[in-house]
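What the sequence shown shows, in this note's numbering, is residues 51 to 332, in sequence order. Note that CB positions come from ideal geometry on N, CA and C, so glycine has one too.
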Amino acid sequence: MKLQLMPPGRGDVLTVTSWLAPIVWEGTFDSAVIDGIYKPLNVTIATTVFAVGKYITYLKDFLESAEKHYMVGYNINYYIFTDQPENIPAVTLAAGRSLWSLRVPAFNRWQEISLQRMSFIRKAIEEQIRKEASFIFCLDVDMRFDNHWGAEALGNLVAVIHPWFYQASRDSFPYERRPESLAYVHADEGDFYYGGAVFGGLIDEVYKLTGTCEEHLVIDKGKDIEAVWQEESHLNWYFIYNKPTKLLSMEYLWSDEKVKITELKVVRLSTIKKNLAAVRPN
Ligand code: UD2
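Structure (structure tokens):
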């Protein structure tokens, strides 16, 4: 019997969306093939992280674990947005990887950091990042890489399925439901609920995404309405009308607080259990 060159990777999970975007799971890709495509292009991947106030304490583990597992062998520019550049930990970076600090103010409400991230990223793309990288990932800082998180994640516009809503029905997705907000999603709309902790893609695509979300956040603020999950709500609105070209499964955004499910063969990135009262400003 002849061996199939490309046997179907997984039969137990959804691996492609209704608009034909792949959903990346362990078993659906071959890293050697993927690296064979991207390595010769010598791409640089911008990676933005906010570490404001007490969240700076997460940065060391984030960076050290990223150096072990995140896009290993690729050029990475980390852009750390912080109110205390002097406290950025000294972490040894591999060749081709560098770190920039970008100063942002300290905020007195944690929601404000989430709300303003889109605007800071949009500006940084305009002023610096677009000259220095071709892809970008925007990540939360209270996270740890545990396993390979590589170039299979690259795509034009990339979203991650939120681990808490993987098996949830659409009516339980925590979209913004008040029509006064520009993040409003009608009960009949929505494909997946995506996490705000990981999004990315080509620089120009993420520039459009951050610019649109920023505009909508500003208009909402003018109307004195704050979407239920801040910028994550606006991001979810955006991905309904601008479909991501690649989706990352929960392997790419898991949570230390979740009980593992059988479909999850490998955890690549996980949010750390945090004491919110101790780390948030409000
Ligand atoms: C969820 C989302 C997060 C964001 C937020 C919006 C996931 C796993 N997380 O996380 O991406 O959409 O909801 O409300 O999908 N930060 C600071 N200093 C602070 C507070 C926050 O630097 O004092 C930064 C930091 O990079 C942090 C990020 O903002 O990782 C998100 O804040 P969070 O982790 O407290 O938000 P959370 O857990 O509600």
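Please work out which residues of its chain come closer than 7 Å, Cβ to Cβ, to ASP192, disregarding the five sequence neighbours upstream and downstream, and give them in chain order.
Only TYR105, TYR108, THR321, ILE322, LYS324 meet the Cβ criterion.
Just to check, is the beta-carbon of TYR105 closer than 6 Å to a non-hydrogen atom of the ligand UD2?
Taking non-hydrogen atoms of the ligand UD2 into account, the C-beta of TYR105 is found less than 6 Å away from one of them.
Between which residues of its own chain and VAL99 is the CB-CB distance below 6 Å, once the five residues before and five after are set aside?
If we look at VAL99 and ignore the five residues flanking it on each side, its Cβ neighbours are ILE130, LEU189, VAL191.
Separation of ILE211 from ALA101, as counted between CA atoms
For ALA101 and ILE211, the distance between alpha carbons rounds to 23 Å.
For the candidate residues PHE215, VAL278, TRP199, whose alpha-carbon lies nearest to that of ARG228?
Nearest of PHE215, VAL278, TRP199 to ARG228, Cα basis: VAL278.
Checking the sheet assignment: what are the DSSP bridge partners for TRP199?
Residue pairing of TRP199 in beta bridges, as defined by DSSP: TYR120.
Just the Cα atoms here: how many angstroms apart are GLY123 and ARG194?
Cα to Cα, GLY123 sits roughly 19 Å from ARG194.
Identify the residues that DSSP records as bridge partners of MET193: which are they?
For MET193, the beta-bridge partners assigned by DSSP are THR321.
Could you check the C-alpha separation between GLY77 and ASP133 for me, to the nearest Å?
When rounded, the separation of the alpha-carbon atoms in GLY77 and ASP133 is 41 Å.
Taking the DSSP output, what are the residues bridged to ILE211?
Paired residues: TYR244.
What is the rounded straight-line gap between the Cα of HIS236 and the Cα of TYR243?
Taking the straight line joining both Cα atoms gives about 14 Å.
The stretch 160-173 in contact with the stretch 257-274 per 3-pair CB rule at 8 Å:
In the pairwise beta carbon analysis, the stretch 160-173 is classified as touching the stretch 257-274: at least three pairs are separated by under 8 Å.
Beta-carbon gap between ARG60 and TRP199 smaller than 7 Å:
Contact flag unset, no.
Own chain partners of ARG159 with C-beta closer than 6 Å, once the 5 adjacent residues on each side are dropped:
ASN332.
With which residues is ILE16 paired in a DSSP beta bridge?
No information on residue 16 is available, as it lies outside the stretch 51 to 332 that the chain covers here.
Give me the Cα-Cα distance between SER115 and ASP306, rounded to the nearest whole angstrom.
Rounded to the nearest angstrom, the two C-alpha atoms are 15 Å apart.
Helix, strand or coil at LYS52 [DSSP, three-state]
In the three-state DSSP reduction, LYS52 falls in the coil class, being neither helix nor strand.
Three-way DSSP call (helix, strand, coil) for GLU76 in this model
Three-state result, GLU76: coil.
Beta-carbon separation of LEU303 and PRO213 under 7 Å?
Judged by their CB atoms, LEU303 and PRO213 are nearer to each other than the 7 Å cut-off.
State the start and end residues of the unbroken alpha helix (DSSP H) segment that holds LEU333.
In the structure displayed, the chain extends from 51 to 332; residue 333 sits before or after that span and is not available.
Along the chain, which unbroken stretches of the beta strand (DSSP E) at least 3 residues long are found entirely within the stretch 220-299?
Within the stretch 220-299, complete beta strand (DSSP E) segments of at least 3 residues are found at 244-252, 296-298, given in chain order.
Can you tell me whether TYR291 is buried or exposed, with buried defined as 16 or more other CB within 10 angstroms of its CB?
By the neighbour-count rule (16 or more Cβ atoms within 10 Å), TYR291 is not buried but exposed.
PHE157 in three-state terms, based on DSSP:
The answer is coil: DSSP assigns PHE157 none of H, G, I, E or B.
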